[in-house]
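Remarks on the structure that follows.
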Amino acid sequence: MDDLENLEYLGLVSKIASEIENHIGVADKTLAEFVINTHAEAKGLTDFETKLKDVGAEFPRSLVESIDRLILTLHPKYKKGAAPAVRDDDDDDDDKSRKARVFRGLAIPDKEVDDPTMNNPLDDAFAELEDLATLAPSKSTQRRDKPADRQERSRDRRSRSRSPYERSRKSHRQDRGYEMDFGDADFRGESRYSSRKRDRDGDTAYRSSKKIRSDDDEFRRPPTPELDDEPVLYKIYDGRVKTIKDFGAFVFVEGLKRPQDGLVHVSQLTEGRVNHPSDLVSRGQPVKVKVIKVDGTKISLSMKEVDQRTGHDLAPSARITGANMQALGTSSAVPVVEDAFSSRRNGMRKRMTSPERWEIKQLIASGVLQKKDYPDIDRDNVDEEGRFEEEEEVEIELTEEEPIFLKGQTQKSLELSPIRIVKNPEGSLARGAQNSLQAAQERRELRQQEAQEKAAKEAEKVDLSSQWNDPLAKQRQFASDIRNARKDLPPEPVRKMPTNTRRVQNRTDLSMKEQRESLPVFKFRSQFLEAISANQVLIVVGQTGSGKTTQLAQYLAENGLTSENTMIGCTQPRRIAAQNVAKRVAEECGAVLGREVGYTVRFDDKTSPDTKIKFMTDGILLTEMLADPMLSRYSAILIDEAHERTISTDVIMGLFKSKTLKLRPDLKLIVTSATLDSASFSKYYNAPEFHIPGRTFPVEIMYSREPCDDYLEEALTTVIATHLEEGGLEGGGGDILVFLTGEEEINTGCQILEERMKALGDGVPELIILPLYAALPEDLQARVFIPAPPGSRKVILSTNIAETSLTIDGVFVVIDSGMEKTSSFDPRLQMDRLQVTPISQASAKQRAGRAGRTRAGRCLRLYTEAAYEGEMTKSAVPDIQRANLSSTILTLKAMGINDLLNFPFLDPPPAATMLQALEELYNLGFLDDDGFLTRSGRRSSAYPTSPALAKTLIKSAEMQCSDEVLTIASMISGTDSVFYRPRDKAEEANKRKARFNDSTGDHLTYLNVYRAWQKSGFADQFCHENFIKPRNLRSVQNIRKQLLEIMQRQKLPIVSCGSDTTRVRKAFASGYFRNTARKDQEGYKTLVEGTPVYLHPGSALFGKNAEMIMYLSILDTSKEWMTLCSVIEPKWLPEVAPSFFKVAPKNQLSKRQKAERIQPLHNRFAGEDDWRLSAQKRAGRGGGGTWG
1 MDDLENLEYL GLVSKIASEI ENHIGVADKT LAEFVINTHA EAKGLTDFET
51 KLKDVGAEFP RSLVESIDRL ILTLHPKYKK GAAPAVRDDD DDDDDKSRKA
101 RVFRGLAIPD KEVDDPTMNN PLDDAFAELE DLATLAPSKS TQRRDKPADR
151 QERSRDRRSR SRSPYERSRK SHRQDRGYEM DFGDADFRGE SRYSSRKRDR
201 DGDTAYRSSK KIRSDDDEFR RPPTPELDDE PVLYKIYDGR VKTIKDFGAF
251 VFVEGLKRPQ DGLVHVSQLT EGRVNHPSDL VSRGQPVKVK VIKVDGTKIS
301 LSMKEVDQRT GHDLAPSARI TGANMQALGT SSAVPVVEDA FSSRRNGMRK
351 RMTSPERWEI KQLIASGVLQ KKDYPDIDRD NVDEEGRFEE EEEVEIELTE
401 EEPIFLKGQT QKSLELSPIR IVKNPEGSLA RGAQNSLQAA QERRELRQQE
451 AQEKAAKEAE KVDLSSQWND PLAKQRQFAS DIRNARKDLP PEPVRKMPTN
501 TRRVQNRTDL SMKEQRESLP VFKFRSQFLE AISANQVLIV VGQTGSGKTT
551 QLAQYLAENG LTSENTMIGC TQPRRIAAQN VAKRVAEECG AVLGREVGYT
601 VRFDDKTSPD TKIKFMTDGI LLTEMLADPM LSRYSAILID EAHERTISTD
651 VIMGLFKSKT LKLRPDLKLI VTSATLDSAS FSKYYNAPEF HIPGRTFPVE
701 IMYSREPCDD YLEEALTTVI ATHLEEGGLE GGGGDILVFL TGEEEINTGC
751 QILEERMKAL GDGVPELIIL PLYAALPEDL QARVFIPAPP GSRKVILSTN
801 IAETSLTIDG VFVVIDSGME KTSSFDPRLQ MDRLQVTPIS QASAKQRAGR
851 AGRTRAGRCL RLYTEAAYEG EMTKSAVPDI QRANLSSTIL TLKAMGINDL
901 LNFPFLDPPP AATMLQALEE LYNLGFLDDD GFLTRSGRRS SAYPTSPALA
951 KTLIKSAEMQ CSDEVLTIAS MISGTDSVFY RPRDKAEEAN KRKARFNDST
1001 GDHLTYLNVY RAWQKSGFAD QFCHENFIKP RNLRSVQNIR KQLLEIMQRQ
1051 KLPIVSCGSD TTRVRKAFAS GYFRNTARKD QEGYKTLVEG TPVYLHPGSA
1101 LFGKNAEMIM YLSILDTSKE WMTLCSVIEP KWLPEVAPSF FKVAPKNQLS
1151 KRQKAERIQP LHNRFAGEDD WRLSAQKRAG RGGGGTWG
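Reading the sequence shown from the start, the letters are residues 1 to 1188 in UniProt numbering.
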């Protein structure tokens, strides 16, 4: 072993010795080396344990497994790179066995999933009872059970039986609530088994008659009253007045397992004004009360809503569900359940200090604030003894416990690192990306400075005094409001668009039939049909422009592969590609889009029962395979652009190989790929390749002589030079395509190009500047296909969407920046990072091919040839190896696939990413202690959202705020932002957006936007007035409708919380508890890893001092920006995520407090406590010291 391996080995010895000491109290490194040597001689875990016992080392089984895991993970012999050059099947089996021993949580045996189409009426009835039980969980149970949803997990473990009926029956018989409600004699009191046992012991007749008599006595005896663990909201209890105060009466509530008092406020005693509570009630008087609010241990009661004679509820509307409301003929479709003592509009109930209360009263008296916003300003927060109650600060910290099925396998136990997505982090491309980010930041700051100077000049022209002196002035402004330009994202530039928009459909004079026959794939039509009829799986290798995307599905349909009940499915990696290809194929077939030819993308379905060719995203096909693994509705599946290797594509190909193709021998699978990856697909399926040559023209590739420091500046300079030097404008051709990284960069580039073209004057040819990215509206995207007028040229600034998803004719020059934005998940930091990284060589070839579509062209690469050869990977890292796999693993678990190590991935994902996903699902309550799916986990798999958002939707029904959460979740799930900021009206757009801002954050801001649009009758005029995109809001409306259907299908109540919006933020905290941050000196720090993060300038909380917030995601650009933020309270986190957070002990410092504690410098001459201020004060009393 070399020096590095020796160090690794010594580290392993130290870890083994520490592990042995923790278990048996023996610290001996010689013993640890002996154990490592014994492990090397053993053939497996069982043999290792046997050898240890033979020499007298009877270690516990848990210690043996822990040592085995540590050796297999950290020993230099087993690390990457120590494997032999030539491997056989036995070596692969050994590797799988070794990984299964290290990562037991990834090798859980698969289990069959019940057919979702088989519905049992008894199962449905029991499910409804279970839903009712879960809507009101016991808080004492939540505090007692440390892991989340412990009762639900244990119930799911008990319910793993073959028959759905048996599982449901067994599960509900073991539920204590079921026993109490239905009183089944088989499940309480004496069992049949114990009765038969006594009969066998003797005296059968006497005991039987005695049992009958006792049963008769039991029927005559009044029933035992049921006792609740916790007070149930809106339930009526008997009580007795305990104490009478000026502000109300404290009542002892009967019917609870533990004694508890509640407050009947003076306003809840009776209708009308009450001088003093003693006028109506007396101490010890029996009363009937209704629970109207439960806040921890505090209970608010009402007497005026209960008939004191009969005990009937006089105000039952607050606890009636939506179905009952409709039955009673109520006009409102969504019931409102609101607390009786809701304080402010946003539910902020933190007690104010006396100075704060006095200040707010003064502001109300002066007219600045309205008293209706502070209904409890005159109400004291007191306990039953009449003392003031102060708000208690809660210090929280992370739990150190690991899930049982992942013990010793997570980041806390093993040294796991993320996969590297950049080949050479120190190369010229990586340095260029960093330099470009710094240049972008400088440009952003320069624009902000110019905007502030412009605003300051405008402020000097405004006469503010006249506004404040005029009592009829409509608008009154402060000088600071005008001077300070808002620090926000760069505005969307004004684009110069061509006027001949009608020419978009007339790019050629050929008929539709002639266009189809002119494609290269047409010559191979018969050979393709023969190949697919002879093989179940076919790998089609087609170059760009061959026509494989639009023609292959039509050839299969024309050949009679569809029938009355089946169709052909075609997947695309992007939704825009699926929509555009479906429109083109429908146009070629002469069909109406949505009938014979249709598409289905996330939250948008344009298909019908008559559809024969269906285009969809790969995520939609994966969702359909969850419900129907055999894909019985399809006769053929075409996976297009498989070389892009999205997560869904990799999982679909694995499911086809492991299950679907074996169950459906008649199903045809066609995989289309670029030339570079075709061999791996062919080897994976053991299938033949079918090559289709593309119609391309020669492309001249030119490299940069030296590495560029700012690729955006270099690209813009190259655009203007090419436009001025190249000819060919007479025919309207010679367009330029520039590949950049993102929306902000493209908008900045468009703005700079417009300014420079204006500076050149009118003597230069016209340059039409067009952006292209996925978030751009469809009507603006369609303009890139419009031919440029004669005498002008188009320049298209695009992301990698134009690399494969869209084909633009007329491009003569391609300018390749060599960069793209890549999203990668860091399991150590527990967050996604959107980084600018170098592209792969395969992407570079695809980009160069865009210049040779209709004529010979050129590709100008803004990087050196050495960087292309030495710093770019041959192909991009698959998404499955660099992304968060929580949704993917949840889908696999829902299909019964638990053995993730043996699942046939084309490229297996890192173990660290899979383990992190399992831990996240466990903390969300979707997995039980054995690693199997819980009931809520199976529910969440039906939502086309992230697991965190699915948990939020499910939890909102329990918290009675599902109507609001449903709206906000729809706004979050939309692909694009609903706001836009035109450059010439940026300040006005900011002011319009600020009207909807909520003081608690962006979640309720989104809710305000949707409700205002709803109040306007969903009018487009409202959107235009408030700088909102109407198309995006209509998309949100469609998303909400689909999510609502899923919740109704799962029988989750749709209830509004009214003005008590605290529940909305608490529901989101139940799903996004990981995405929380605490206020720090400069910005914020995440609670999980302590990573510095910052509020996004576009947030409603920007510039405000919120102590703790939750966020949706982190945008990693110049800083780590938190997007979509809202204020939360620390005490919520242990309630909504008890398996992840806990309340720190009060008698000792928390981890955060220990880290922030200031340690005094060591002074060997001073005593232990001499550094304290009290010691300094005592020392100075006699001699005129510091305090003397």
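Heads up, the beta-carbon is just placed ideally off N, CA and C, and yes, glycines get one too.
Of the listed residues the options, nearest to residue i (C-alpha basis)
i, options, result
"VAL521", "ALA534, GLN543, ILE532, GLU530", "GLN543"
"LEU1115", "GLN536, PRO1092, VAL1127", "PRO1092"
"GLU745", "ALA433, ARG833, THR623, LYS659", "ALA433"
"residue 1189", "PRO1130, TYR1111, VAL1127", "The structure shown does not extend to residue 1189, since the chain spans only 1 to 1188, so no value can be given for it."
"GLN916", "LYS304, GLU402, GLU5, GLY742", "GLU402"
"GLY56", "GLU65, ALA894, THR38, LEU70", "THR38"
"THR1005", "ARG61, GLN1021, VAL965", "VAL965"
"SER886", "GLY734, GLU920, LYS1079", "GLU920"
"GLN572", "ALA534, THR649, GLU596, LEU626", "THR649"
"ALA848", "PRO838, PHE812, ALA883", "PHE812"
"ASP929", "SER1139, THR748, CYS1057", "SER1139"
"ILE880", "THR1000, PHE825, SER682, ASP998", "PHE825"
Residue j beta carbon less than 8 Å from that of residue i
i, j, result
"ILE647", "LEU621", "no"
"VAL287", "GLN308", "yes"
"ARG283", "ILE244", "yes"
"GLY255", "TYR237", "yes"
"ILE71", "ILE36", "yes"
"SER973", "THR952", "no"
"PRO524", "LEU552", "Before going on, a small fix: residue 524 reads as Phe here, not Pro. No, the Cβ-Cβ distance between PHE524 and LEU552 is not below 8 Å."
"PHE697", "GLY852", "yes"
"ALA5", "SER1150", "The question names Ala, but residue 5 in the sequence shown is Glu. No; because the gap between Cβ atoms is not below 8 Å, this pair is not in contact."
"residue 1222", "PHE926", "Any answer about residue 1222 is impossible in this case: the structure gives the chain only from 1 up to 1188."
"ARG861", "ILE1054", "no"
"VAL253", "ASP246", "no"
Between the CA atoms of residue j and residue i - distance to the nearest angstrom
i, j, result
"PHE905", "VAL1143", "41 Å"
"GLU1107", "LYS1085", "11 Å"
"LEU1007", "MET819", "37 Å"
"ILE16", "LEU1043", "51 Å"
"GLY296", "ASP228", "16 Å"
"ILE20", "LEU63", "7 Å"
"ALA456", "GLU1082", "27 Å"
"ILE1050", "SER941", "The identity of residue 1050 in the sequence shown is Gln, whereas the question assumes Ile. If you take the alpha carbons of GLN1050 and SER941, they lie about 12 Å apart."
"GLY183", "VAL232", "Because GLY183 carries a pLDDT of 37, less than 50, the predicted location of this residue cannot be relied on, and no value is offered for it."
"ARG574", "THR617", "6 Å"
"PHE1027", "SER970", "19 Å"
"LYS993", "VAL337", "29 Å"
"ASP735", "LYS845", "19 Å"
"ASN1038", "SER798", "28 Å"
"ASP753", "LEU780", "At residue 753 the sequence reads Leu, which differs from the Asp that was named. Straight-line Cα distance between these residues: approximately 18 Å."
Do the segment 691-708 and the segment 746-760 make contact, defined as three or more Cβ pairs closer than 8 Å? no
Within the segment 827-898, ranges of the alpha helix (DSSP H) (whole runs, at least 4 residues): 841-849, 865-870, 886-894
Taking three-plus beta-carbon pairs below 8 Å as touching, is the segment 884-900 in contact with the segment 858-876? no
Would you call the segment 976-988 and the segment 609-617 touching, i.e. three or more CB-CB distances under 8 Å? no
Cβ contact (3+ pairs, closer than 8 Å) linking the segment 660-669 and the segment 634-648: yes
Per the contact definition of three or more C-beta pairs closer than 8 Å, is the segment 621-632 in contact with the segment 580-590? no
Any chance the segment 801-816 sits against the segment 773-787, with 3 or more Cβ pairs inside 8 Å? yes
Start-end ranges of the beta strand (DSSP E) lying completely within the segment 276-320, minimum 3 residues: 286-295, 298-302
Considering only residues of the segment 657-745, which uninterrupted alpha helix (DSSP H) runs meet the minimum length of 4 residues and lie entirely inside it, listed in chain order? 678-685, 711-725
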